[in-house]
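Below you'll find the structure, written out as structure tokens, and then a few comments.
This is the structure:
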């Protein structure tokens with residue numbers, strides 16, 4: 095039981111490049127989330143998926159897209175990376191929308 | 004507009020003593036509060052939570068207190084141990100929806 099896994103662990107991009115961050119959970123959770131963590135800002139919600147087949151915007155969705163591929167997987171895509179997207183990205187999942195969220199280990203992204 | 008505030012960025016406590024981490028919030032519609040603990044290069048892990056209908060919840064060395072009139076939340080760790088050294092995030096959930104609003108975190112250092 096690996097919990098929530100994220101790939102890659104670390105990535106360097108040039109401005110304008112695109113990439114997809116992958117997230118998978120093996121806890122049979124219904125809800126999944128993407129957060130970013132920046133110094134002095136705490137964790138901010140980018141997008142979430144309350145259940146398979148649905149996605150909604152969080153606090154800071156601009157510049158990102160998401161796909162809930164199936165119940166296990168929730169990916170985050172940066173179509174044209176910007177230096178302001180340099181951050182640590184965390185994926186999380188929960189059994190239901192009101193349940194405790196469990197986090198993955200994070201992806202460190204550096205955009206030059 | 005920071006709805007959940009952790010005004011102390013850091014706290015240093017001697018091993019065996021009590022650690023008290025504080026959190027203030029502005030939205031009276033929050034119905035659930037959580038504390039997460041985060042080690043470097045890892046994702047946040049759930050520590051303890053409290054419903055807005057309670058004023059105290061205890062789990063081993065960890066106790067969370069909620070003062071609704073003051074819109075204040077605190078986490079007590081007794082006795083503190085070196086392994087408790089981490090960043091602690093307070094989070095709150097609005098009554099409607101699935102989002103969590105996180106504070107900016109407090110770095111706790113427990114020294115021998």
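Residue numbers (our numbering), protein chains in the order written: chain A, 95 to 206; chain B, 4 to 115. Here a beta-carbon is modelled for each residue, glycine too, at the ideal position from N, C-alpha and C.
Verify whether the separation of the beta carbon atoms of residue 109 (chain B) and residue 11 (chain B) is less than 7 Å.
yes
What's the call for residue 75 (chain A), buried or exposed, on a 16-neighbour Cβ count within 10 Å?
The shown model of chain A, from 95 to 206, leaves out residue 75 (chain A), and the question about it has no answer.
Contained beta strand (DSSP E) runs [length at least 3] in the segment 19 to 75 of chain B, N- to C-terminal order:
22 to 28, 33 to 41, 48 to 54, 59 to 62, 65 to 70
Below 8 Å on the Cβ atoms is my contact criterion, and I expect residue 206 (chain A) with residue 181 (chain A) to pass it. Report the Cβ-Cβ distance as a whole number of Å.
Residue 206 (chain A) to residue 181 (chain A), Cβ: 14 Å. No contact.
Rounded straight-line distance, which links the Cα of residue 163 (chain A) to that of residue 93 (chain B)
31 Å
Any chance the CB of residue 54 (chain B) is under 6 Å from a heavy atom of the ligand SAH?
By its list of ligands, the structure shown contains no ligand whatsoever, and the ligand SAH lies outside what it can speak to.
Identify each residue in the segment 122 to 142 of chain A for which the Cβ-Cβ distance to at least one residue of chain B is less than 7 Å, and report them in chain order.
125, 134, 135, 136, 137, 139, 142
Which whole-angstrom value describes the C-beta separation of residue 129 (chain A) and residue 186 (chain A), a residue pair presumed to lie in contact below a C-beta threshold of 8 Å?
7 Å
Within the 7 Å Cβ cut-off, does residue 199 (chain A) reach chain B?
yes
Could you list which residues in chain B have their beta carbon closer than 7 Å to that of residue 195 (chain A), in chain order?
103
Only counting the same chain, and skipping five residues up and downstream in sequence, which positions put a Cβ closer than 6 Å to that of residue 137 (chain A)?
129, 131
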